[in-house]
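>
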Amino acid sequence: MPSALSSTLSAPARPAVPRPGPAPRRTRLFALPEVRWAAAAALAFLVALPLQLLGAPVWWWAPLYAVVYLAGGWEPAWSGLCALRERTLDVDLLMVVAAIGALAVGEVMDGALLIVIFATSGALEALATARTEDSVRGLLDLAPGTATRLTGDGGEEVVRTDELAVGEVILVRPGERVGADGRVVAGASDVDQATITGEPLPAAKAVGDDVFAGTLNGNGTLRVRVERDPADFVVARIVAMVAEASETKAPTQLFVERVEQRYSVGMVIATLAVFGVPVALGAEFSDALLRAMTFMIVASPCAVVLATMPPLLSAIANAGRHGVLVKSAVVMERLGQIDTVALDKTGTLTEGSPRLTDLRPVPGTDLDEAALLALAAAAERPSEHPVGRAIVAAAAERGLDLPEAADFLARPGVGVRATVEGREVTVGAPPRLPGEAGRGAEHGESVRRLVAEVEARGRTAVLVAVGGTAVGVLGVADRARIDAARAVRGLTALTGAPPTLLTGDNPRSAAVLADEVGIGDVRAGLLPQDKVAAVHEWEQAGKRVLLVGDGVNDAPALAAADTGVAMGRVGSDLALETADAVVVRDELAAVPTVVALSRAARRLVVQNLVIAGTFIVVLVAWDLLWHLPLPLGVLGHEGSTVLVGLNGLRLLREAAWRRAAAEPETEHGVPHGERGAAGRAVGE
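The UniProt record's numbering numbers the first residue of the sequence shown as 1 and each following residue consecutively.
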């Protein structure tokens, strides 16, 4: 990678460097007290309700409702009282008061239902917060806790990575993770740095090349001079960016709190007025109290709460059945608001693993494709390199019998060499195999032409030589997902503009893939902070950004975007935890479908709010202007609640997913189910 990393990652923020120790565990569901209290309240409610409806004695179900009130209501009540101490009101306290009001006039079930809804909402919020904190802590585990430092007298000592100083030299053995950001001063190897750059293939590293903490060394030995303080390692900077991006979502929360405050104050004033004014004018105390309690019931926002949650939760459940995990109702709602989409390349638009795409024997070598592949696969069979595994896998798919290889030697950053059937076979990158064209100028020109043709199509060129003479060129590439083009079409239809490709890969490969799947805007060679900058650029222009990625290098951008979606099967743990939604089955076409499903949920939310608002206004007006009988008030309140609940549950049906899947294709003028060119390999 270019040395630009050194300059672009400098920043004043210096997150704490982790101490070596056991990896943090993912927070368990029932480790959170909010989840335990909400579960207890919900369980007690589900047992009490049928007992009450079946006419069981009151002493059977009344204690269970008491458990609901205590288990689900004590925490929001305490939170509300603490807010009162700060001279503020929140909707949690208002709901507890409404539940107590319902209890006071004998409507125990109404109050219990309200308690369960709000306890469950609080538990989901607590779980989301805990999982976000887990993801930030887990990222630091990518960097090793210790490194082997070379001493001035030629010795070695194992030290903590946070004790390393700029200018010191560390030793990185085969298979170890690099302990610091620095520059190679001796040795050569292939380093898997997909966690930082997203590159699908290991990068060849030699003297003078940059390496990064947390990346995985191949089969060579490296000596690395530390060039950055441990607090400024790339991984540490990613942690800081994830935390910073998460905090930028706070303004939305502040807006919600302001709405809650105004509503709470208004409800308290209105309830006191409904009770106090008639009493002051000489009304009977009991009549005024009954009217105020009726007002509290019909004005309580049970239907308003259900207006929002059932459609969104139903959409979440439906998406989950089809392999898309949406982490909260807030995320499901935001998905329907996006108008700009950015896609990562490796592991998102592509399958995330290299495959053999080209077999090009050099003219005049008397080798056909099968013979060329058999020679290369035989030499690569002992190799652990991803390119070697791709070549061997291609030979296995063709059912080729591979001869035994002897004298195998892997040369880091160059390739492999082995003796196959008495001949020396070399397989590696053309720039790393100087002078192996053989047979004179004409033959060399043929080899160079084949290499240029393969690379022009976005492949990684691999040269095969026998006895020092080049006999063929192989092309290796990461294939586009079968549904990549369909997903791009769907997202284009939903947002009105094609997605943008954001990738750390080279521009040529990125351009080939973009052309294959129908993307015009390509930004290649990006580092994690470059992706974040692109997201911020769109957001500053007033766009609502959806970012789809899979790697650790995507995590900051996933956190910065309005909504981040991670590919589950190949995605890193950090990306899965940082993202707002996860495509568990790796079906990219599910992304536009879940966006369309979110928009359907938002339409139902609007419908439900109109229904709930209409019922509340009518019932409140009736109670204030005339005399609303308590049973009728309860019937109207419960009727509106049931109505909006059933309306929201429509999205649980299979037909809702099918309609959402068809919507983007219909809007784009493409028959539903047409896959187009997405099933082909890149340039295949």
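Note that beta-carbon positions come from the ideal geometry of N, C-alpha and C, so glycine has one too.
Compute the beta-carbon to beta-carbon distance between T350 and R481, rounded to the nearest angstrom, for a pair I have assumed lies under 8 Å.
6 Å
> Using the C-alpha atoms, what's the distance from P63 back to V268?
29 Å
> Could you check how far apart the C-beta atoms of L633 and T294 are, in whole angstroms? I think they sit under 8 Å.
Here residue 633 turns out to be Gly, not Leu, going by the sequence shown. Indeed, because the Cβ distance is near 5 Å, the residues count as touching under 8 Å.
> Whose CA, out of N219, A581, A39 and D368, lies closest to the CA of V595?
A581
> Answer with buried or exposed for P664, where buried requires no fewer than 16 other C-beta atoms within 10 angstroms of its C-beta.
buried
> Looking only at its chain, what residues have a beta carbon closer than 6 Å to the beta carbon of P382, apart from the 5 residues adjacent to it on each side?
So the qualifying residues of the chain are F408.
> Can you give me the Cβ contacts of T252 inside the same chain, cut-off strictly under 7 Å, excluding the 5 residues immediately before and after it?
With a pLDDT of 33 at T252, under the threshold of 50, the modelled position of this residue cannot be trusted, and the question is left open.
> From G435 to A165, what does the alpha carbon distance come to, in whole angstroms?
Note on G435: pLDDT 46, under 50, position unreliable in the model; the coordinate value appears next. Cα to Cα, G435 sits roughly 41 Å from A165.
> Secondary structure at E445, three-state DSSP: helix, strand or coil?
helix
> Mapping DSSP to helix, strand and coil, what is E577?
E577 falls in the helix class under three-state DSSP.
> Nearest-angstrom Cα distance between A390 and L343?
Cα to Cα, the separation comes out at about 25 Å.
> If you follow the beta strand (DSSP E) that V548 is in, where does it begin and where does it stop?
For V548, the enclosing beta strand (DSSP E) stretches over residues V545 to G549.
> Determine the direct distance from the alpha carbon of V277 to that of H637, and round the result to whole angstroms.
24 Å
> Taking 8 Å as the cut-off, decide whether the C-beta atoms of T161 and G145 are in contact.
yes
> What is the rounded straight-line gap between the Cα of E537 and the Cα of S446?
46 Å
> Suppose the cutoff is 7 Å on Cβ atoms and the five residues either side in sequence are ignored; what does the same chain contact list for G21 look like?
Only weak support is given to the placement of G21: the predicted model assigns it a pLDDT of 38, under 50, and the question is left unresolved by the model.
> Among the candidates V191, F233, D181 and A231, whose CA atom is the shortest distance from the CA of R225?
D181
> Please classify E577: is it buried, with 16 or more other beta-carbons within 10 angstroms of its beta-carbon, or exposed?
buried
> Considering Cα atoms alone, identify which of Y65, T593 and V97 is closest to V80.
In the sequence as presented, Val is not what sits at residue 80; that position holds Gly. Out of Y65, T593 and V97, the CA that lies nearest to the CA of G80 is found in V97.
> Near L51, which residues of its chain fall below 6 Å by C-beta distance, leaving aside the five closest residues on each side in sequence?
W60 and W61
> Compute the Euclidean distance between the alpha carbons of P430 and D550, then round it to the nearest angstrom.
Cα to Cα, P430 sits roughly 30 Å from D550.
> So that I know if they touch, is there some Cβ in chain D lying closer than 8 Å to that of L609?
The structure shown has no chain D; it contains just one protein chain.
> Let me make sure I understand the geometry here. Which of N217, P202, G648 and A465 has the alpha-carbon closest to that of A377?
A465
> Between R19 and P556, what straight-line distance do the alpha-carbon atoms span, to the nearest angstrom?
Residue confidence for R19 is low, a pLDDT of 34 falling below 50, so the modelled location carries little weight and cannot support an answer.
> Skipping 5 residues on each side, what residues in its chain have a beta carbon closer than 6 Å to that of A406?
T419
> Report yes or no: do three or more beta-carbon pairs, one from the region 334-348 and one from the region 596-607, lie closer than 8 Å?
Yes, the region 334-348 touches the region 596-607.
> Classify W78: buried if its beta carbon has 16 or more other beta carbons within 10 angstroms, exposed otherwise.
exposed
> According to DSSP, simplified to helix, strand and coil, what is K205?
strand
> Does DSSP put V318 in a helix, a strand or coil?
A small correction: the amino acid at residue 318 is Asn; Val does not occupy that position in the sequence shown. Here N318 sits in helix by DSSP.
> Under the three-state reduction of DSSP, which class applies to T426: helix, strand or coil?
strand
> Restricting to Cα atoms, I'd like to know which of G55, L289 and A510 is closest to G520.
Looking only at G55, L289 and A510, the smallest Cα-Cα distance to G520 is reached by A510.
> Quick one: which unbroken beta strand (DSSP E) runs of 3-plus residues sit fully inside the region 616-667? Chain order, please.
none
> Rounded to whole angstroms, what's the CA-CA distance from V454 to G472? Just pull it up for me.
11 Å
> Is DSSP giving V414 helix, strand or coil here?
In the structure shown, V414 adopts coil according to DSSP, grouped into three states.
> Rounded to a whole number of angstroms, what is the C-alpha to C-alpha distance between L43 and L604?
28 Å
> Could you check what DSSP says for D521 in three-state terms: helix, strand or coil?
strand
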